[in-house]
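Have a look at the structure below, then the notes.
2 protein chains.
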Amino acid sequence: MSFYDQLQFDANNLIPAIIQEQKTGRVLMVAWMNRASLEKTLATGKTHFWSRSRQKFWMKGESSGHTQTVKAVSFDCDGDVLLIQVEQIGAACHEGYQSCFFRTVQNDGTSYKITEPQLQTPGEMYGAKK
Amino acid sequence: MSFYDQLQFDANNLIPAIIQEQKTGRVLMVAWMNRASLEKTLATGKTHFWSRSRQKFWMKGESSGHTQTVKAVSFDCDGDVLLIQVEQIGAACHEGYQSCFFRTVQNDGTSYKITEPQLQTPGEMYGAKK
Numbered sequence: 174m175s176f177y178d179q180l181q182f183d184a185n186n187l188i189p190a191i192i193q194e195q196k197t198g199r200v201l202m203v204a205w206m207n208r209a210s211l212e213k214t215l216a217t218g219k220t221h222f223w224s225r226s227r228q229k230f231w232m233k234g235e236s237s238g239h240t241q242t243v244k245a246v247s248f249d250c251d252g253d254v255l256l257i258q259v260e261q262i263g264a265a266c267h268e269g270y271q272s273c274f275f276r277t278v279q280n281d282g283t284s285y286k287i288t289e290p291q292l293q294t295p296g297e298m299y300g301a302k303k
Numbered sequence: 174m175s176f177y178d179q180l181q182f183d184a185n186n187l188i189p190a191i192i193q194e195q196k197t198g199r200v201l202m203v204a205w206m207n208r209a210s211l212e213k214t215l216a217t218g219k220t221h222f223w224s225r226s227r228q229k230f231w232m233k234g235e236s237s238g239h240t241q242t243v244k245a246v247s248f249d250c251d252g253d254v255l256l257i258q259v260e261q262i263g264a265a266c267h268e269g270y271q272s273c274f275f276r277t278v279q280n281d282g283t284s285y286k287i288t289e290p291q292l293q294t295p296g297e298m299y300g301a302k303k
């Protein structure tokens with residue numbers, strides 16, 4: 174049986190994909206896939222997503238060079254979330270951090286701080302003038 | 174500034190939370206929170222969620238005993254996903270697996286297999302007659 178039969182795409186035909194760095198276990202980001210981007214991800218071994226804001230198909234790293242090579246694809250008991258293990262080149266976050274989850278809530282339960290170094294500025298990643 | 178101001182709840186006032194086992198880096202599950210369940214999670218140190226299917230507030234482990242003690246709460250660059258590090262008691266998945274992501278796609282890109290042992294049956298977890 175195809176694993177696609179186990180998946181539950183939402184009303185917009187999308188499913189969220191958690192991207193995890195295989196060698197460190199670090200959760201890097203979450204992005205959305207439709208069936209075509211998932212098929213492309215499996216066929217090429219590089220992550221492809223669907224941008225809800227831009228309504229556009231994109232390959233991770235297509236402009237920054239920070240691509241993700243797929244190592245394993247799992248899915249949860251409800252079939253409505255994907256977990257993809259990758260080898261990440263450079264920063265995963267478009268803000269230049271290794272992981273998009275670079276802010277952590279403090280012990281007071283309301284304030285937060287940045288808990289990892291910024292590897293690059295967005296300008297350095299995308300070549301934009303600052 | 175409160176971290177709540179950085180969060181983007183969806184049209185149903187919910188945000189997905191990725192639950193990760195801190196000591197192993199294993200991604201255990203994904204569930205949904207509204208603001209009240211997030212506040213309860215931070216106040217009690219045990220994960221609380223909102224069930225979309227049952228339209229009900231619930232504490233993880235309230236029937237199985239498989240609670241999650243919160244170690245850290247992070248959020249992503251868009252503020253629309255939470256990442257919560259926990260100490261997990263027992264199986265996180267209601268199907269008796271350590272992680273809900275117990276099925277992995279095989280090299281042919283379509284078939285899948287169960288890639289971890291089932292620690293308990295759902296009947297053992299919830300005391301239901303089989």
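Those protein sequence lines, which keep their order, are chains A and B.
Here the numbering used here is used: the first residue of the first sequence is 174, the next is one more, and so on.
Here the numbering used here is used: the first residue of the second sequence is 174, the next is one more, and so on.
Positions of the beta carbon are idealized from the N, C-alpha and C atoms, including for glycine.
Model, not experiment: these values are computed from the prediction.
Item: Which partner residues does I257/A have in the DSSP bridge list?; Value: I192/A, V246/A
Item: Using only alpha-carbon positions, find the residue among V243/A, I262/A, H267/A that is nearest to L256/A.; Value: V243/A
Item: Measuring only between beta-carbons, confirm whether H267/B sits less than 9 Å from chain A.; Value: yes
Item: Report buried or exposed for Y299/B, applying the criterion of at least 16 other Cβ atoms within 10 angstroms of its Cβ.; Value: exposed
Item: CA-CA distance, T214/B and A245/A?; Value: 31 Å
Item: Who are the neighbours of I188/B on chain A, taking C-beta pairs under 8 Å?; Value: Going along chain A, no residue has its Cβ under 8 Å from I188/B, so there is no contact; the nearest lies around 11 Å.
Item: Buried or exposed: where does D249/A fall if 16 or more other Cβ atoms within 10 Å of its Cβ makes it buried?; Value: buried
Item: What does a CB cutoff of less than 6 Å around S247/B pick up in its chain, not counting 5 residues either side in sequence?; Value: L256
Item: Secondary structure at A265/B, three-state DSSP: helix, strand or coil?; Value: coil
Item: So that I know if they touch, is there some Cβ in chain B lying closer than 9 Å to that of K303/A?; Value: Only weak support is given to the placement of K303/A: the predicted model assigns it a pLDDT of 38, under 50, and the value that follows is read from those uncertain coordinates. So, not an interface residue.
Item: Looking at the strands, I want to know which residues DSSP matches up with T277/B.; Value: S247/A, K286/B
Item: To the nearest angstrom, report how far apart T240/B and H221/B are at their CA atoms.; Value: 10 Å
Item: Under 9 Å between C-beta atoms, does S284/B make it to chain A?; Value: yes
Item: Along the chain, where does the alpha helix (DSSP H) containing A298/A start, and where does it finish?; Value: The sequence given here places Met at residue 298/A; Ala does not occur at that position. Unbroken alpha helix (DSSP H) run through M298/A: 295-299.
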